[in-house]
Amino acid sequence: MYNAKAYSAASATSRLASTTIPRREPTEHDVQSEILFCGICHSDLHSVRNEWSEFMPTVYPIVPGHEIVGRVTKVGSAVTKFKPGDLAAVGCLVDSDGTCPECRAGLEQFCPNLTLTFSMPDKHLGGVTYGGYSESIVVDQRFVLRVPSNLNLAGAAPLLCAGITTYSPMRRWKVGKGKKVGVVGLGGLGHMAVKFARALGSHVVVFTTSPNKKEDALRLGADEVVMSRNADEMQKHAGSFDFILDAVSADHDINAYLNLLGRDGNLTLVGAPPKALAVSAFSLIMRNRNLSGSNIGGIAETQEMLDFCGQHNIAADVEVIPIQKVNEAYERLLKSDVKYRFSIDMASLKSE
Numbered sequence: 036m037y038n039a040k041a042y043s044a045a046s047a048t049s050r051l052a053s054t055t056i057p058r059r060e061p062t063e064h065d066v067q068s069e070i071l072f073c074g075i076c077h078s079d080l081h082s083v084r085n086e087w088s089e090f091m092p093t094v095y096p097i098v099p100g101h102e103i104v105g106r107v108t109k110v111g112s113a114v115t116k117f118k119p120g121d122l123a124a125v126g127c128l129v130d131s132d133g134t135c136p137e138c139r140a141g142l143e144q145f146c147p148n149l150t151l152t153f154s155m156p157d158k159h160l161g162g163v164t165y166g167g168y169s170e171s172i173v174v175d176q177r178f179v180l181r182v183p184s185n186l187n188l189a190g191a192a193p194l195l196c197a198g199i200t201t202y203s204p205m206r207r208w209k210v211g212k213g214k215k216v217g218v219v220g221l222g223g224l225g226h227m228a229v230k231f232a233r234a235l236g237s238h239v240v241v242f243t244t245s246p247n248k249k250e251d252a253l254r255l256g257a258d259e260v261v262m263s264r265n266a267d268e269m270q271k272h273a274g275s276f277d278f279i280l281d282a283v284s285a286d287h288d289i290n291a292y293l294n295l296l297g298r299d300g301n302l303t304l305v306g307a308p309p310k311a312l313a314v315s316a317f318s319l320i321m322r323n324r325n326l327s328g329s330n331i332g333g334i335a336e337t338q339e340m341l342d343f344c345g346q347h348n349i350a351a352d353v354e355v356i357p358i359q360k361v362n363e364a365y366e367r368l369l370k371s372d373v374k375y376r377f378s379i380d381m382a383s384l385k386s387e
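Using our numbering, the first residue of the sequence shown is number 36, and each one after it goes up by one.
What follows is the structure, given as structure tokens:
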């Protein structure tokens, strides 16, 4: 065991502050990495403030962060996939049982015995797992991913959550050439969805309530931008979409978007509104429409996504901050005051 510098919160009302945490020495199957960048996900904020206490109560102190890009510093004797000096990434998962039907299907995110990157029981050291707001991390090689060397590393970090969250449902619903794809909401998730849909060859339409986002949506790769509060603009697209990705976490009228789907079209939710959404049965029944949800992806699919990003030079649009500004970043995140993700330069932790 060794101690690593980190930032943690001691309670739901505490600010994140400098601390040290224990990390295990690498076992024979482990990869140890120096963390270079860690993205800030909205779920970090929810967890730090214990806002998901009903189904995932936070254990304090908490070190958040599951969008991790680093450089390998040490590997165990049985590690074959990585060597010191390699770029490596860690996402939302750091362990699973490897034997259940979900794991055998490459869907480790649904394993009943999975271990998330932070705030879950740590079978090695006791206590809970600690995330990427830290100078280093040790993870079983099965859950460590290769990072294409051509990607901007600060922008690559959010791919480990925002990237796979939007890529996975597009692959499942066969987004590609000849398809018309809608993206609802142009935030941390939505901007990645636009980039992926464009790279996959689809006609991309962004729906937003903010006229000032039109120029940015077009820059990111949208073919059209629709003001969702304009009934006439919405009506022009009725019944025409093959796939819509809904990344809005605020309360909104889901039926307005279901009615834009063509026959057998799909709308996938990746945003998480706090209240239940009212769904009209007729919005689904009349044209065999599908409504589904999606939650990140398995390890193999996440690697596929990273490789795709390398091939198409796709990374998140980020604002790079030092760790010392993380509390300010959380407050700005609540106001949607970022284009489009924060990425922490973990070299800043050396000065603590």
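No residue lacks a Cβ here, since even glycine has one placed at the ideal position from N, Cα and C. Remember, predicted model here, so these are calculated numbers, not experimental data.
Status (buried if at least 16 other CB within 10 Å, exposed otherwise) for residue i
i      : result
Val361 : buried
Gly256 : buried
Thr303 : buried
Gln176 : buried
Tyr37  : exposed
Glu102 : buried
Ser237 : buried
Asn294 : buried
Phe90  : exposed
His226 : buried
Thr243 : buried
Ile320 : exposed
Pro147 : exposed
Lys214 : buried
Trp208 : buried
Gln67  : buried
Lys248 : buried
Ala364 : buried
Ala41  : buried
His453 : With the chain running from 36 to 387 in the structure shown, residue 453 is simply not present.
Ala39  : buried
Beta carbon of residue i nearer than 8 Å to that of residue j
i      : j      : result
Val216 : Phe178 : no
Asn85  : Pro92  : yes
Glu69  : Gly100 : no
Phe317 : Gly300 : no
Ile199 : Met340 : yes
Leu384 : Leu80  : no
Gly297 : Arg264 : no
Ser391 : Ile349 : Lying outside 36 to 387, the shown extent of the chain, residue 391 is not represented and no answer is given.
Val283 : Val210 : no
Ala123 : Arg181 : yes
Ala189 : Val355 : yes
Pro61  : Val110 : yes
Leu459 : Thr201 : Within the shown structure, residues of the chain are numbered from 36 to 387, placing residue 459 beyond reach of any answer.
Arg378 : Phe117 : Strictly speaking, residue 378 in this sequence is Ser, with Arg absent from that position. Not in contact: Ser378 and Phe117 (Cβ atoms no closer than 8 Å).
Leu221 : Ala252 : yes
DSSP bridge partner residues for residue i (one or two, in chain order)
i      : result
Phe72  : Val104, Asp380
Thr150 : Asp130
Met262 : Thr243
Asn38  : Pro57
Asp281 : Val219, Leu304
Val355 : Ser378
Val110 : Val66
Pro156 : Val163
Cys43  : Before going on, a small fix: residue 43 reads as Ser here, not Cys. Answer is Ala52.
Asn330 : In the DSSP output, where bridge partners are listed per residue, Asn330 has none listed.
Ala123 : Gly105, Arg181
Ile97  : Ala44
Asn325 : Asn301
Below-8 Å beta-carbon distance, residue i vs any chain D residue
i      : result
Val219 : Judged by its chain identifiers, the structure shown contains no chain D, having just a single protein chain.
Contact test: residue i Cβ vs the ligand MG heavy atom, cutoff 7 Å
i     : result
Leu51 : Among the components of this structure there are no ligands whatsoever, and the ligand MG is therefore not found.
Three or more C-beta pairs below 8 Å linking the segment 115-128 and the segment 192-201: yes
Touching by the beta-carbon criterion (3+ pairs, under 8 Å), the segment 327-336 and the segment 130-149: yes
Contact the segment 305-325 vs the segment 280-295: 3+ CB pairs below 8 Å: yes
Runs of beta strand (DSSP E) lying entirely within the segment 203-258, each at least 3 residues, in chain order: 215-219, 238-243
Beta strand (DSSP E) runs wholly inside the segment 161-199, at least 3 long, in chain order: 171-175
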